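This report refers to the structure that appears directly beneath it.
Protein chains: 4
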Amino acid sequence: MPHSNPRRKKNLLLRLGRIEGQIRGITRMVEEDQYCVDILNQISAVRSALNSVGQILLEGHIRGCVTNAIKTDQGDESIDELLQVIRKYTL
Amino acid sequence: MPHSNPRRKKNLLLRLGRIEGQIRGITRMVEEDQYCVDILNQISAVRSALNSVGQILLEGHIRGCVTNAIKTDQGDESIDELLQVIRKYTL
Amino acid sequence: MPHSNPRRKKNLLLRLGRIEGQIRGITRMVEEDQYCVDILNQISAVRSALNSVGQILLEGHIRGCVTNAIKTDQGDESIDELLQVIRKYTL
Amino acid sequence: MPHSNPRRKKNLLLRLGRIEGQIRGITRMVEEDQYCVDILNQISAVRSALNSVGQILLEGHIRGCVTNAIKTDQGDESIDELLQVIRKYTL
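Residue numbers (my numbering), protein chains in the order written: chain E, 60 to 150; chain Z, 60 to 150; chain B, 60 to 150; chain P, 60 to 150.
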């Protein structure tokens, strides 16, 4: 993420701070033996929040690095790498 | 999670502590403008770690609450709730 | 699926017939070199339709086989198998 | 998929033909009231097969359409569309 956009960065850090808080909340729920289904619902909420962070990073990566690589005729390797990342998220 | 198993609880807390550390690591990577693909790979690792925590909780829930509910002929509501949780994870 | 519910069975067969038609539609789109994004959207629709079939089967399985196994104190193996199936869908 | 690669097209059609056969197999399993878990495992196999078809199409799309759009400075819209497709597969 060179030439990183400061607004997007701030947005990402805010989201990650919130996710860290959510993880701490889940830890507390486990410590207090709270109802499993409530904990599972919280985990599902963190998954969605993480997916959103992933989407923002992916968008920045495609609009930045991948686009630059393609414009300078070095797209092949960059696209290989991109496809590998996407595969991890869809399996 | 009443009658919670102390070994499983310890295991869960250990995993959640590790996940919290991973989130802090991702925050640092974003702060330092590290390469997006590396950050995306870290997010994918946290997703897997969270899924494992979810699996452990789900197993405890089915073997505990759902089994008890079924044995006392009160399974219907418990199964509805279980299916709803599973749906969140497979969509 | 012993003691299978005839209405659910009919519902499942209807959905599977529709999915088979969707697959043939996708085949035609590939043959005719249609726009990739349109084909990808169709594949995503089939994925959702398959997930719904899976949910219906899973519900029947939990309310039927798993419940019976638990009631006759033979739940352990049945729950192991159930967890394995769920894992396949959440990974 | 204009300028479509004939080898990839043949590969895709082969895979789709196999998936159609798998769906018919699942239909037969439901008709014969076979064991739910076996049917669920078959559905999970079709999901994987569909994901592979999606990956092949996505790769072709990024190497073809998206790359061309970026090279002619018309990448923005093409990338929006790409991100939307990816989102459908990761939610």
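Even for Gly, the Cβ is constructed at its ideal location relative to N, Cα and C.
Note that the coordinates shown come from a computational prediction; the quantities given were computed from them, not determined experimentally.
Item checked: Contacts around E:I102, its chain only, beta-carbon distance under 8 Å, and the 5 residues preceding and following it disregarded -> In the first sequence, the residue the question calls residue 102 of chain E occupies position 43. Here the set comprises I85.
Notebook entry, point to check: Which residues, in order along the segment 106-117 of chain E, keep a beta-carbon less than 9 Å from a beta-carbon of chain P?
Noted result: Taking 9 Å as the Cβ-Cβ cut-off against chain P, the residues of the segment 106-117 of chain E that qualify are S107, N110, G113, Q114, L117.
Next item on the list: Anything in chain B within Cβ reach of Z:T126, meaning under 8 Å, just list it in chain order.
Entry: Reading the second sequence from its first residue, position 67 is the one you call residue 126 of chain Z. Those within 8 Å of Z:T126 in chain B are I129, G134, I138.
Notebook entry, point to check: Is it the case that the Cβ atoms of P:I78 and P:V105 are separated by a distance below 8 Å?
Noted result: To locate residue 78 of chain P, count along the fourth sequence from 1; it is residue 19. To locate residue 105 of chain P, count along the fourth sequence from 1; it is residue 46. P:I78 is a Cβ neighbour of P:V105, given a cutoff of 8 Å.
Check: List, in order along the chain, the chain B residues whose C-beta lies closer than 9 Å to that of Z:Y148?
Finding: On the second sequence, position 89 is the one that residue 148 of chain Z refers to. Within 9 Å Cβ-Cβ: I145, Y148, T149.
Notebook entry, point to check: Is DSSP giving P:E90 helix, strand or coil here?
Noted result: Taking the fourth sequence and counting its residues from 1, one reaches residue 90 of chain P at position 31. Of the three classes helix, strand and coil, the one that applies to P:E90 here is helix, per DSSP.
Next item on the list: Examine chain B for any beta-carbon lying closer than 8 Å to the beta-carbon of P:M60, and answer yes or no.
Entry: Here residue 60 of chain P corresponds to residue number 1 of the fourth sequence, with the count starting at 1. Low confidence applies to P:M60: its pLDDT is 46, below 50, so where it sits in the model is not reliable enough to give any reading.
Next item on the list: With a 10 Å radius around its C-beta and 16 neighbouring C-beta atoms as the bar for buried, classify P:M60 as buried or exposed.
Entry: Position 1 of the fourth sequence, counted from the first residue, corresponds to residue 60 of chain P. Below a pLDDT of 50, predicted positions are generally treated as unreliable, and P:M60, at 46, falls in that range; no measurement from the model is reported.
Checklist line | Spatial distance of P:R146 from P:I121 (CA atoms) | finding: Sequence index remark: in the fourth sequence, residue 146 of chain P carries index 87 (1-based). Sequence index remark: in the fourth sequence, residue 121 of chain P carries index 62 (1-based). The straight-line gap from Cα to Cα measures roughly 15 Å.
Notebook entry, point to check: So with Cβ pairs under 8 Å, would you call B:I102 a contact of chain A?
Noted result: Although the question refers to chain A, the structure presented lacks it and instead comprises the protein chains E, Z, B and P.
Checklist line | Nearest-angstrom Cα separation, counted from B:G134 out to Z:I5 | finding: A query on residue 5 of chain Z cannot be resolved here, the shown segment of chain Z reaching from 60 to 150 and no further.
Notebook entry, point to check: With 8 Å set as the bound, which would you pick, yes or no: does the beta-carbon of E:L73 sit closer than that to a beta-carbon of chain Z?
Noted result: If you number the first sequence from 1, residue 73 of chain E lands on position 14. Not closer than 8 Å to any Cβ of chain Z, the Cβ of E:L73 fails to qualify, so no.
Notebook entry, point to check: Could you give the distance in angstroms between the alpha-carbon of E:G119 and the alpha-carbon of P:Y148?
Noted result: Counted from its first residue, the first sequence places residue 119 of chain E at position 60. Counted from its first residue, the fourth sequence places residue 148 of chain P at position 89. If you take the alpha carbons of E:G119 and P:Y148, they lie about 18 Å apart.
Notebook entry, point to check: Under the rule that 16 or more other beta-carbon atoms within 10 Å means buried, what is B:L71, buried or exposed?
Noted result: In the third sequence, the residue the question calls residue 71 of chain B occupies position 12. Buried, because 16 or more other Cβ atoms sit within 10 Å of the Cβ of B:L71.
Checklist line | Nearest to P:L142 (by Cα), restricted to the options E:E136, E:G113, E:L73 | finding: Position 83 of the fourth sequence holds residue 142 of chain P. That would be E:G113, whose Cα lies nearest to the Cα of P:L142.
Note to self: Just to confirm before moving on: does the CB-CB distance between E:L75 and Z:V89 stay below 8 Å?
What the structure shows: In the first sequence, the residue the question calls residue 75 of chain E occupies position 16. In the second sequence, the residue the question calls residue 89 of chain Z occupies position 30. For E:L75 and Z:V89, yes; Cβs fall inside 8 Å.
Next item on the list: Compute the Euclidean distance between the alpha carbons of E:A128 and P:T126, then round it to the nearest angstrom.
Entry: Position 69 of the first sequence, counted from the first residue, corresponds to residue 128 of chain E. Position 67 of the fourth sequence, counted from the first residue, corresponds to residue 126 of chain P. E:A128 and P:T126: Cα-Cα distance of roughly 10 Å.
Item checked: Local Cβ density within 10 Å of E:L99, reported as buried at 16 or more and exposed below that -> Translated into positions along the first sequence, residue 99 of chain E becomes position 40. Result: buried.
Next item on the list: Would you kindly report the start and end of the unbroken alpha helix (DSSP H) that includes B:L103?
Entry: Taking the first residue of the third sequence as position 1, residue 103 of chain B is located at position 44. First, the amino acid is wrong: residue 103 of chain B is Ser here, not Leu. Per DSSP, B:S103 belongs to the alpha helix (DSSP H) from 95-120.
Notebook entry, point to check: So, is Z:L73 buried or exposed, given that buried needs 16 or more other C-beta atoms within 10 angstroms?
Noted result: If you number the second sequence from 1, residue 73 of chain Z lands on position 14. Around the Cβ of Z:L73, a 10 Å sphere holds fewer than 16 other Cβ atoms; the residue is exposed.
Margin query: Using C-beta distances below 6 Å, list every residue in its chain close to P:A108, excluding the 5 sequence neighbours before and after it, in chain order.
Written below: As a position in the fourth sequence, residue 108 of chain P is number 49, starting the count at 1. So the qualifying residues of the chain are I78.
Item checked: DSSP-derived helix/strand/coil call for E:Q172 -> Absent from the model: residue 172 of chain E. The displayed extent of chain E is 60 to 150, so no value can be given.
Next item on the list: Report the option in B:C124, B:D92, B:L116, B:E136 whose CA atom is closest to the CA atom of P:P65.
Entry: Mapped onto the fourth sequence, residue 65 of chain P falls at position 6. Ranked by Cα distance from P:P65, the options B:C124, B:D92, B:L116, B:E136 are led by B:D92.
Notebook entry, point to check: Shortest alpha-carbon distance to E:K68 belongs to which of Z:R67, Z:Y94, Z:Q81?
Noted result: Numbered from its first residue, the first sequence carries residue 68 of chain E at position 9. Residue Z:Y94 is the option with its Cα nearest to E:K68.
Margin query: Measuring only the C-alpha atoms, how far is P:L117 from E:I115?
Written below: As a working note, residue 117 of chain P is residue 58 in the fourth sequence. As a working note, residue 115 of chain E is residue 56 in the first sequence. When rounded, the distance between both Cα atoms is 19 Å.
Next item on the list: Answer with yes or no whether the minimum CB distance from B:L99 to chain P is below 8 Å.
Entry: Here residue 99 of chain B refers to the residue found at position 40 when the third sequence is read from its first residue. Interface residue, yes.
Next item on the list: Report the neighbours of Z:R77 on chain E: residues whose CB is nearer than 8 Å to its CB, in chain order.
Entry: Residue 77 of chain Z sits at position 18 when you count from the first residue of the second sequence. Within 8 Å Cβ-Cβ: nothing; Z:R77 doesn't reach chain E, min ~10 Å.
Next item on the list: Could you name the residues of the same chain whose beta carbon sits closer than 8 Å to that of P:S111, not counting the 5 residues immediately before and after it, in chain order?
Entry: Start at 1 with the first residue of the fourth sequence, and residue 111 of chain P comes out as number 52. The answer, listed in chain order, is R74.
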